[in-house]
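Under numbering that gives the first Met the number 0, residues 0 to 1161 are what the sequence shown spells out, in order.
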Amino acid sequence: MLRWIRQQLGFDPPHQSETRTVYVANRFPQHGHYIPQRFADNRIISSKYTIWNFVPKNLFEQFRRIANFYFLIIFLVQLMIDTPTSPITSGLPLFFVITVTAIKQGYEDWLRHKADNEVNGAPVFVVRSGSLVQTRSKNIRVGDIVRVAKDETFPADLALLSSDRADGTCHITTASLDGETNLKTHFSVPETSVCQSVSQLEALLAVVECQQPEADLYRFVGRITVTQHEEEIVRPLGPENLLLRGARLKNTKEIFGVAIYTGMESKMALNYKCKSQKRSAVEKSMNTFLIIYLVILLFEAILSTILKYAWQAEDKWDEPFYNQKTELERNSSPILKFISDFLAFLVLYNFIIPISLYVTVEMQKFLGSFFIGWDLDLYHEESDQKAQVNTSDLNEELGQVEYVFTDKTGTLTENEMQFRECSVNGTKYREVNGKLVPEGMTDDSPDGSTAHLMGEELLFLKAVSLCHTVQISYDQPDCLVGGGDPFSHANGFSSNHMEYYASSPDEKALVEATKRIGVAFTGSNGDTMEIKTFGKFEKYKLLHVLEFDADRRRMSVILQTPSGGKVLFTKGAESAILPFTTSGEIEKTRLHVDEFALKGLRTLVVACRHFSPEEYMDVDRRLTAARTALQQREERLHEAFDYIERDLQLLGATGVEDKLQDKVQETIEALRLAGIKVWVLTGDKHETAVSVSLSCGHFHRTMNILELLQQCSDNECAEQLRRLARRIKEDHVIQHGLVVDGASLSLALREHEKLFMEVCKNCSAVLCCRMAPLQKAKVVRLLKTSPEKPITLAIGDGANDVSMIQEAHVGIGIMGKEGRQAVRNSDYAIARFKFLAKLLLVHGHFYYIRIATLVQYFFYKNVCFITPQFLYQFFCLFSQQTLYDSVYLTLYNICFTSLPILVYSLFEQLVHPHVLQSKPGLYRDISKNSLLSFRTFLYWTLLGFCHAFVFFFGSYILMGEDTTLMGNGQMFGNWTFGTLVFTVMVITVTLKLALETHFWTWMNHFVTWGSIAFYFIFSLFYGGIIWPFLHTQDMYFVFVQLLSSGSAWFAIIIIVITCLFPDVVKKVLYRHLQPTSTQKSQSLSASQAQALSCVESLCCYQHGQSGCSRLAHLLEQMTGQCKASASNCHASNRSNRSWSDTENFSNDRSILTLSPIEATHC
């Protein structure tokens, strides 16, 4: 416990050294004073709370919210001083909000505890005391030897010691970690791979030294020292030796591994870390409005306090005969009394700050997010994937996007590669019927003829079929299991039974192509790779793999050929290979690569290098030294790789086609019409990227393409940017597109950000090619932090897009073929790029107008609520007398006015979804947070004040002159007056929302009229019965007495009409004199809108009968939702409701599959 406290305070960090030493099987040294390192246990903890800390920790988190903390202060003030309202009025809503949130968070945490217990209690086998012992997963310690069987998941991060295979390898899948379903091969060191029994493992003397835990899944630096016959043998350990927790063992009977990282120090657990919290523009506006209302509250409280003392300056008001002061009151401090009065007024007016706003917004976001998952238009049938929401906090941000940053491969394209062409020794070839045919020739040779594939062509094909990390799966999955010959398929199976698995679709396409041509990769066994060259088997010994990385942009293998020679095969981007080539047809190949790129093909260049025995010894020494280094291993490996991958002989280049996804062009065009600028950020070479941009409609043929490429210095880059800026000004009529490469972008961002941004903002489309992952994030950050602060969206499908997705305001992952890293780190995930149009133009539009109205309506109804209370003080000598009963104060926001706005914020549709998709320009109407601008906020606030004045003075005019309103001559009292104001207010604010509602469902009707009815029923019960638990019952029979007066009913109707009639007139005038494009779209053409209106909006039933009450029908007419007469409805339905595929109405099954609607069916 003491150690835990010291760690929390930072006095005793758990990892005091940069490396950790793990003794296999926990065989600690017996000599000397060895102090074992402390490591975490193997429990996974994803929960936030325990049974002991839930209440304090949850309360602390909730009261960090400014509104909750504010109401807590108000509640404490009410408890401490004599205030006009009961502490219950603030305490009960606060308790309700805190309780609902705590229950929700507690339930979510209970589910996490349940999942944790399931994982931590899973049975595992551990080698202890010379035998296999079954224990629970949580009991594994660092240094334990763990046995894992086929298809089981690894319970901790294990260093592979041995497997049931003779070569000590195993196959795993990491789908749960990064989504990649291909088989990956992991290796053990030769000295431990022979320990395949428990007794051998028990006798093993080995020590693992490695780095302390870090979150990077693909990085591990360590070494193992094995003691054999009193001799220490040191071997390097890398990611290929580490089996990560959560990965699954495949095609291997069993393995033994030593636990290196356990529990919350495993790489999977370290990746649990929450992403930085993103906040929407609406939430920021909401906080600004709260501060403004807090200022209004303070102003009203200070003004009331000053006026109270100004009024009491006269003795007759300071101490009237009926309210004599006590001696204590006369002698009390004036300053303390002023503060006390100020706090009392603060309590009296505190409801102007809506506490239930936060809860309602949270419920709206949480419930509203389900609509995205339920939308069939966002469901991809082929892959059986629906859209998913990873965070509901940004729903409304989908309606505010100004810039879209998209990856190319797998996002705009299918990421399904097909080999098309290649260049070998300066000659272009294409594949025809499984053969390589030189350009300009036809395939007239007999089938199976390979006479033309000799020398360089054959070496090129061998290089392509050997330089990769592809795995093979066979129809009989256990054919590779056991100690038998892994190449026995050559006798028992034909090569057609093989299926290739690769982490990169390019690699898979190339290996499949060489197999069709006649050079087939048939498998690997440890350090041996086998190919079948036109029926003849050849075995190559794999000496070293120089792994691919984003900086080098190439990968290499060093092999020993069947004749005993040493050769390096390398492949990568042309910019990463050609500068290091010294022989071969370099210029011709460069031309061919450019030609392939212009056709939109993805290009790779292939080269080789032959080593003399002396050269190879030097290479092997450098690589071994770099791989066994514990410090700065990556830097040393880069140096070694650069030394090896030079003086290359160019063999050729490949061209692979990646098909565009369906409806990409239409989607980009729709986004452009919506006022959204699209930037494509890709790692491809610029010719390929430009070709794809033109084919997908990102660049138009008529567009003036500007280039910022291959800039070498800051001055050169600045000069080119100035030239581009001048050119844009001169040709301001023409649309411009900008192409920039990674190297030039680095220079532009270093010194000339403003100039670069000026050029970019004046371009309709921007294409950035040859981009590293971090450069993508930098570009997004550059736009995001520019003075205009535009809302950005990033969309991608691969691990290289994660930094960009996390940087943007909204991150969207594509469920593609490059794993699930992008989906896991995104805010939303969709299966195809084409779904982005509906996600933004429809769901974004709806979410934004709903929450914008919700926020402003909340402030409006609270202004209506509290302003009469402020006005009432002028008529009661600022005595802090409350106008409303405490129960009404408490239930106004919780019960009487909460449900209509919640239902509105879930179902409201200003315009039909199909119209929003067919008219993307409507998206511009809500851009730049226009519905939450200061002007609209001011309108709603002033409207609230106006309505409050009408409520108060309308009731005052009715009752103010001691007028008798009862049949028996009896007059109303102050509670009746307050109840009349409250009744008018509840009805008016509810009907005001009804006026704002365009899309009526049965639920809207139920909560709108039900809320008013509930208020009346509740008031009758509350005031009509003597409740024994209430000390005083000021409201007894007040409501019944009020409703028994015809004058009161008349006043209620007159005041409500007086408040709402100007709103109705304003809406009608604006709709006819200055209609917005949204309002115009609500009045669609006869062939579309009226048919939709008749069927979808429930205005008309069969034979044109009204389906709504007269009032609802009137409201729909005012808002343009329903036509006034049944004849119009009938006329509209004579139009045929079958749209052609050419119309921009997406693939909505619910509409396109409808048959023509006849007039008689409406």
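For each residue, glycine too, the CB sits at the ideal point set by N, CA and C.
Since the structure is predicted, the reported quantities are computational estimates derived from the model, not experimental observations.
Cβ neighbour criterion (16 or more within 10 Å) applied to residue 54: exposed
Alpha helix (DSSP H) runs wholly inside the stretch 365-408, at least 4 long, in chain order: 369-373
Residues near residue 739 in its chain [Cβ-Cβ closer than 6 angstroms; skip 5 each side]: 707, 767
Residue of 618, 24, 722, 729 minimising C-alpha distance to residue 754: 722
Own chain residues within Cβ distance below 8 angstroms of residue 89, not counting five before or after: 70, 73, 74, 77, 346, 349
Residue interval of the beta strand (DSSP E) (run including residue 678): Start and end: 676-680.
Residue environment, residue 440, which counts as buried when at least 16 other CB atoms sit within 10 Å: exposed
Cβ-based burial, residue 632 [other Cβ within 10 Å; buried from 16]: Flag for residue 632 reads buried.
Integer Cβ distance of residue 395 from residue 281, believed to fall under 8 angstroms: 5 angstroms
Proximity of residue 571 and residue 552 at Cβ, strictly below 7 angstroms: yes
C-alpha distance - residue 1006 paired with residue 911, whole-angstrom precision: 22 angstroms
Nearest-angstrom Cα separation, counted from residue 190 out to residue 171: 22 angstroms
Short Cβ contact (7 angstroms threshold) for residue 776 with residue 803: yes
Nearest neighbour of residue 734, chosen from 799, 748, 717, 765 [CA to CA]: 765
Residue of 641, 577, 514, 568 minimising C-alpha distance to residue 609: If we check each option's Cα against that of residue 609, 568 comes out closest.
Same chain only: Cβ atoms within 7 angstroms of residue 1232, ignoring 5 sequence neighbours per side: One cannot answer for residue 1232 here, as it falls past the ends of the chain, which runs 0 to 1161.
Coil, strand or helix - residue 616 by DSSP: helix
Contact belief for residue 236 with residue 221 at Cβ below 8 angstroms, rounded distance in angstroms: 4 angstroms
Three-pair Cβ contact test at 8 angstroms for the stretch 392-408 versus the stretch 786-805: yes
Cut-off 6 angstroms between Cβ atoms - residues of its own chain near residue 688, not counting five sequence neighbours on either side: Contacts found: 681, 766, 768.
Alpha-carbon to alpha-carbon, residue 746 and residue 100: 49 angstroms
Whole-angstrom C-beta distance between residue 939 and residue 855, which should lie under 8 angstroms: 4 angstroms
Same chain only: Cβ atoms within 6 angstroms of residue 435, ignoring 5 sequence neighbours per side: Taken in chain order, the residues that qualify are 428, 516.
Where residue 812 falls, given that 16 or more other Cβ within 10 Å makes a residue buried: buried
Residue nearest to residue 810 in terms of C-alpha spacing, selected from 389, 922, 737: 389
Segments of 4+ residues assigned as alpha helix (DSSP H) that fall wholly inside the stretch 227-274: List check, alpha helix (DSSP H) in window: 266-269.
Residue 871 (DSSP reduced to helix, strand or coil): Three-state result, residue 871: helix.
Length of the line joining the Cα atoms of residue 208 and residue 264: 16 angstroms
N- and C-terminal bounds of the alpha helix (DSSP H) containing residue 935: 933-958
Inter-residue CB distance, residue 1162 and residue 670 (contact presumed, cutoff 8 angstroms): Given a span of 0 to 1161 for the chain in the structure shown, any question on residue 1162 remains unanswerable.
Beta-carbon spacing of residue 143, residue 48 below 7 angstroms: no
Three-state secondary structure (DSSP) of residue 219: Residue 219 falls in the coil class under three-state DSSP.
Residue 716, buried or exposed, once every other Cβ within 10 Å from all chains shown has been counted against 16: Residue environment for residue 716: buried (at least 16 other C-beta atoms within 10 angstroms of its C-beta).
Straight-line gap, residue 16 to residue 287 (C-alpha atoms, nearest Å): 47 angstroms
Collapsed DSSP secondary structure at residue 352 in the structure displayed: coil
Inter-residue CB distance, residue 977 and residue 882 (contact presumed, cutoff 8 angstroms): 4 angstroms
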